[in-house]
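**Student:** Residue numbers (full-length UniProt numbering): 1 to 269.
Cβ atoms here follow ideal geometry from the backbone N, Cα and C, with glycine treated the same way.
(1) Would you kindly report the start and end of the unbroken alpha helix (DSSP H) that includes residue 32?
(2) By Cβ distance, which residues of its chain are closer than 8 Å to residue 206, with the 5 residues on each side in sequence left out?
(3) Please report the distance separating the alpha-carbon of residue 11 from that of residue 30.
(4) Could you check if residue 126 is buried or exposed, using at least 16 other CB atoms within 10 Å of its CB as the buried criterion?
(5) Would you be able to state if there are at least three C-beta pairs under 8 Å between the segment 78-89 and the segment 20-36?
(6) Between the alpha carbons of residue 226 and residue 67, how many angstroms are there, rounded?
(7) Enumerate, from N- to C-terminal direction, the unbroken alpha helix (DSSP H) stretches of 4 or more residues contained entirely within the segment 143-221.
(8) Could you tell me the distance, in whole angstroms, from the CA atom of residue 275 to the CA atom of residue 118?
(9) Which value, in whole angstroms, describes the spacing of the CA atoms of residue 271 and residue 39?
(10) What is the rounded straight-line gap between the Cα of residue 132 and the Cα of residue 123?
(11) Starting from residue 5, follow its DSSP beta bridges and name the residues at the other end.
(12) Among 21, 113, 157, which residue has its Cα nearest to the Cα of residue 145?
(13) By the three-class DSSP mapping on this structure, what secondary structure does residue 95 have?
(14) Give the range of the beta strand (DSSP E) segment to which residue 80 is assigned.
(15) Return the Cβ separation of residue 152 and residue 246 in integer angstroms, given the expectation that the two are a contact with Cβ distance under 8 Å.
(16) Tell me whether the beta-carbon of residue 235 lies closer than 8 Å to the beta-carbon of residue 215.
(17) Keeping to the same chain, check which residues put their C-beta closer than 7 Å to that of residue 263; ignore five residues upstream and five downstream.
(18) Please return the same chain residues whose Cβ sits closer than 7 Å to the Cβ of residue 98, not counting the five positions on each side in sequence.
(19) For residue 193 and residue 201, what's the separation of their Cα atoms in angstroms?
(20) Assign residue 138 to one of three DSSP states: helix, strand, or coil.
(21) Report back the beta-carbon spacing between residue 71 and residue 203 to the nearest angstrom; my notes put them in contact at under 8 Å.
(22) Output the distance between the C-alpha atoms of residue 233 and residue 243, rounded to the nearest integer angstrom.
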């Protein structure tokens, strides 16, 4: 991994959010790349239940200030940054008061999905790309974790198709177990189509459930990692028919060698 640039984009990350399979692997994978001589950047949403004082988040004025258009609305983009002390790893946070100030991640106190999770996902995808453009940092690999980040491969291949900074970047989508029950807003296809993405390329999102979101993500990724043992059967079957590199599930204790080998021999070849 020596000198390779890896952009990690995740919806969850320890130590900022509670540990689960997504947040843990979103931490362990960049830590592994970092220790193997790679250059990394990590992006996640700045959810309102992340303690800014304890984790020493601060706004990066030079990166903040632009507006992103989401479904014909101007939404201000705020960028914050913090460091994971013992690893000397810097994390960038995508923030917006409308989408991320509430003191929860994906659901309300009754366990119901927030009705604007679809727009939050679009905002997160666009916010990451626009910030990386400002950093002028061209990644060799973009490794995506978590369903809220799952629109990033689509946006990179469609909305940002002519962006030279990412012309050589390879996208990996890590697929985890069932991320949520139910569906996102039924107008998701129209909101993405507003950005000039052809509706026929995202027709499956007319039923915007977890499996269909991830199907779109793996369609536009260059490689896929099965990051959990319990992938939904429908999704696992879909991935098995893809003609692209797929790394089967590897337990945490054995993942380092498997991931480095996958990066080097299947993705960067």
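**Tutor:** This is what the structure gives:
(1) Numbered from its first residue, the chain shown carries residue 32 at position 32. That run of the alpha helix (DSSP H) goes 21-35.
(2) Sequence index remark: in the chain shown, residue 206 carries index 206 (1-based). The answer, listed in chain order, is 186, 189.
(3) Locating residue 11 in the chain shown gives position 11, where the first residue counts as 1. Locating residue 30 in the chain shown gives position 30, where the first residue counts as 1. Between residue 11 and residue 30, the C-alpha separation is close to 14 Å.
(4) Taking the first residue of the chain shown as position 1, residue 126 is located at position 126. Buried: at least 16 other Cβ atoms inside 10 Å.
(5) yes
(6) Taking the first residue of the chain shown as 1, we reach residue 226 at position 226. Taking the first residue of the chain shown as 1, we reach residue 67 at position 67. Residue 226 and residue 67: Cα-Cα distance of roughly 35 Å.
(7) 152-157, 188-193, 210-220
(8) Since the first residue shown for the chain is 1 and the last is 269, residue 275 is missing from the structure and cannot be characterised.
(9) Residue numbering for the chain in the displayed model covers 1 to 269; residue 271 lies beyond these limits and cannot be assessed.
(10) Along the chain shown, read from residue 1 onward, the residue named residue 132 stands at position 132. Along the chain shown, read from residue 1 onward, the residue named residue 123 stands at position 123. Near 14 Å, if we compare the C-alpha coordinates of residue 123 and residue 132.
(11) As a first step, residue 5 must be located in the chain shown, where it is residue number 5. DSSP output for residue 5 lists 39 as bridge partner(s).
(12) Working through the chain shown from its first residue, we reach residue 145 at position 145. The shortest Cα separation from residue 145 among 21, 113, 157 belongs to 21.
(13) Counted from its first residue, the chain shown places residue 95 at position 95. DSSP places residue 95 in strand when its eight states are reduced to three.
(14) For the purposes of this step, residue 80 is taken as residue 80 along the chain shown, with counting starting at 1. 78-84 is the span of the beta strand (DSSP E), which, as asked, contains residue 80.
(15) Mapped onto the chain shown, residue 152 falls at position 152. Mapped onto the chain shown, residue 246 falls at position 246. Wrong, their Cβ atoms sit about 19 Å apart, outside the cutoff.
(16) Residue mapping note: residue 235 aligns to position 235 of the chain shown, counting from 1. Residue mapping note: residue 215 aligns to position 215 of the chain shown, counting from 1. Yes, these two residues count as a Cβ contact at 8 Å.
(17) Taking the first residue of the chain shown as position 1, residue 263 is located at position 263. The residues are 1, 141.
(18) Translated into the one-based positions of the chain shown, residue 98 becomes position 98. Correct list, in chain order: 75.
(19) Here residue 193 corresponds to residue number 193 of the chain shown, with the count starting at 1. Here residue 201 corresponds to residue number 201 of the chain shown, with the count starting at 1. Rounded to whole angstroms, residue 193 to residue 201 spans 10 Å at the Cα level.
(20) Position 138 of the chain shown, counting from 1, holds the residue named residue 138. Residue 138 falls in the coil class under three-state DSSP.
(21) By one-based count along the chain shown, residue 71 stands at place 71. By one-based count along the chain shown, residue 203 stands at place 203. So it is not a contact: roughly 19 Å between Cβ atoms.
(22) As a working mapping, residue 233 is identified with position 233 in the chain shown. As a working mapping, residue 243 is identified with position 243 in the chain shown. Whole-angstrom Cα-Cα distance: 18 Å.
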